[in-house]
Amino acid sequence: MLHDSQCQAARLTRRELFGLLGAGAAAVALPDLAAGAKPIEFPKKAIIRTVLKDLPPESLSGGATLFHEHLSLAPDFMPRWMAYFRAQNPPRGGNGAATPPPAAPPSSEPYFMQDLDLMTDEMHAAAKDGAACIVDGGHPDMGRSLDFLKKLSTKSGMPIVASCGYYSQPFYPPEVASMSEDQIADELIRQAFNEPVGAIGEIGTWDVMTSDERKVFRAVSKVHLATNLPIFTHTNFGKGAIEQLDIFESMGVSPSRVVIGHVGGLVDPEVKVHKAICKRGAFVGFDRQGGAGDARQVPMVMALIDAGYADNLLFAADFSNGQQLKHNGGPGYAKTLTLFVPKLRDAGVKEETLHGILVDNPRRFLAFVPKKSAKR
Ligand SMILES: [Zn+2]
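In numbering that gives the first Met the number 0, the protein residues as written are 0 to 375.
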């Protein structure tokens, strides 16, 4: 909630935000916008590309941007995901690191990610919970519909960033196996210049990196260099995180334009891998928040903040489970803000730090200066 003592600039920003969202109610989970929060500077002509229009990064300063969620997936995506996951990851006992992601959604029709009215209500609820923008991590091989995202953004007022890419080995379309690195890059560059996509992601290694996945990671690096679009990744609970970053860097991608994803699942109180990623200048994604893993991840986030890496943290929920919708009595799309962030507050994280992580870091990640030419 905003307080009267806060500066005029912050209040104007919030007012602008609500104008943008068409939401009338106050956010309840948004970290206070401290009057002394450090200013953030973006490159000249940098924009955040949403499905409806390019936005100045400053326009999203009044709320959190959730950098990795799912608003549009094929109905069979999560059942397939769970089947592959169970085949590859036998259950771990005791206090093991792996907590399986949400169960497959119920099979009742229509699938919630195809229900425009329901999802519009969920977006309004997320806005009230403090979300100013949501990044969708899907692309065609996951059944993502740009048309649905545009309709959802139009109807709900929620700014939505769509992505492009290929997901991971089990989900690649068959032609990826025979396509060259440059052919994959050319196809994604074509999408980037012809569709309103504002990021490349989620780009995954399903488990140990396969040769096709390596090819896609190298191609994605070329797409970034041709477009300046930022990149966010999927790892199997942090496996191969350094290898992913190694490929990007070897191809000339600045780590500052990359989020290595799902590393919250790499449970290590000493956060060695996480620190190594941060030290190289990339973001670490704690992006399955608002659930059972929070208790293990709060100390890791604290350790990274204490080590001076607050500017490298990004939070989200990877939302994909219909049972967690507000409609079904769950916490909804902004559960990172309503469930995880309070645990960090209780652990002593300052409001200014939370504001930096939730509001500033995702805008620094997403803001890019578009390139005009489609040529590599
Ligand atoms: Zn995801």
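Glycine included, each C-beta is placed from N, C-alpha and C at the ideal position.
- Query: Would the C-beta of E186 count as close to ligand 1, meaning under 8 Å from any of its heavy atoms?
  - Reply: Residue 186 sits at position 187 when you count from the first residue of the sequence shown. False, no ligand heavy atom lies under 8 Å from that Cβ.
- Integer-rounded CB distance, given that K44 should sit under 8 Å from V368: Start at 1 with the first residue of the sequence shown, and residue 368 comes out as number 369. Start at 1 with the first residue of the sequence shown, and residue 44 comes out as number 45. For V368 against K44, the beta-carbon gap comes to about 5 Å, under 8 Å, which counts as contact.
- Task: Please confirm whether K334 and G264 have their CB atoms less than 9 Å apart.
- Result: The count along the sequence shown starts at 1 and reaches residue 334 at position 335. The count along the sequence shown starts at 1 and reaches residue 264 at position 265. For K334 and G264, no; Cβs fall outside 9 Å.
- Message: Residues around ligand 1, please: the ones whose beta-carbon is closer than 5 Å to some heavy atom of it, in chain order.
- Response: In chain order, the qualifying residues are G136, E201, D317.
- Item | Segment limits, alpha helix (DSSP H) that includes V222 | For this step, residue 222 is matched to residue 223 along the sequence shown. For V222, the enclosing alpha helix (DSSP H) covers residues 210–226.
- Task: Please go through the region 291–321 and give each complete beta strand (DSSP E) segment of 3 or more residues, from N-terminal end onward.
- Result: 312–314
- Cβ pair L51, L324 closer than 9 Å: Against the sequence shown, residue 51 aligns to sequence position 52. Against the sequence shown, residue 324 aligns to sequence position 325. Their beta carbons are not under 9 Å apart, which means L51 does not touch L324 by this criterion.
- Task: Could you have a look at G264 and say whether DSSP puts it in helix, strand or coil?
- Result: Reading the sequence shown from its first residue, position 265 is the one you call residue 264. In the structure shown, G264 sits in a helix (DSSP, three-state: H, G or I).
- Can you give me the Cβ contacts of F170 inside the same chain, cut-off strictly under 7 Å, excluding the 5 residues immediately before and after it? Along the sequence shown, one-based indexing puts residue 170 at 171. Within the same chain, F170 has close Cβ partners D140, M141.
- Grab the span of the beta strand (DSSP E) containing S162 for me, first residue to last. Numbered from 1 along the sequence shown, position 163 holds the residue referred to as residue 162. First-last of the beta strand (DSSP E) with S162: 159–163.
- According to the neighbour-count rule (16 or more other Cβ atoms, all chains shown, within 10 Å of its Cβ), is G307 buried or exposed? Locating residue 307 in the sequence shown gives position 308, where the first residue counts as 1. Classification of G307: exposed, given that the 10 Å Cβ count is below 16.
- Message: Could you compute how far the alpha carbon of Q190 sits from the alpha carbon of V219?
- Response: Start at 1 with the first residue of the sequence shown, and residue 190 comes out as number 191. Start at 1 with the first residue of the sequence shown, and residue 219 comes out as number 220. In a straight line, the C-alpha of Q190 is about 12 Å away from that of V219.
- Message: Check for me: the alpha helix (DSSP H) holding E201 runs from which residue to which?
- Response: Taking the first residue of the sequence shown as position 1, residue 201 is located at position 202. Per DSSP, E201 lies in no alpha helix (DSSP H) segment; the continuous beta strand (DSSP E) that holds it begins and ends at 196–203.
- Mind checking whether H138 and Y165 have CB atoms under 9 Å apart? To locate residue 138, count along the sequence shown from 1; it is residue 139. To locate residue 165, count along the sequence shown from 1; it is residue 166. With a cutoff of 9 Å on beta-carbon distance, H138 and Y165 are scored as near each other.
- Which residue comes first and which comes last in the beta strand (DSSP E) that contains V283? Taking the sequence shown and counting its residues from 1, the one referred to as residue 283 is at position 284. It spans 282–285 - the beta strand (DSSP E) in which V283 sits, taken as one unbroken run.
- Task: State the start and end residues of the unbroken beta strand (DSSP E) segment that holds D133.
- Result: Looking up residue 133 in the sequence shown gives position 134. Checking the sequence shown, residue 133 turns out to be Ile, not Asp. From DSSP, the beta strand (DSSP E) with I133 extends over 130–135.
- Answer yes or no: the CB of N88 versus the heavy atoms of ligand 3, is any distance below 8 Å? Ligand 3 is not part of the structure shown, which contains ligand 1 as its ligands.
- Message: Is the beta carbon of D293 closer than 9 Å to that of K342?
- Response: One-based indexing of the sequence shown puts residue 342 at position 343. One-based indexing of the sequence shown puts residue 293 at position 294. Result yes, Cβ atoms of K342 and D293 sit closer than 9 Å.
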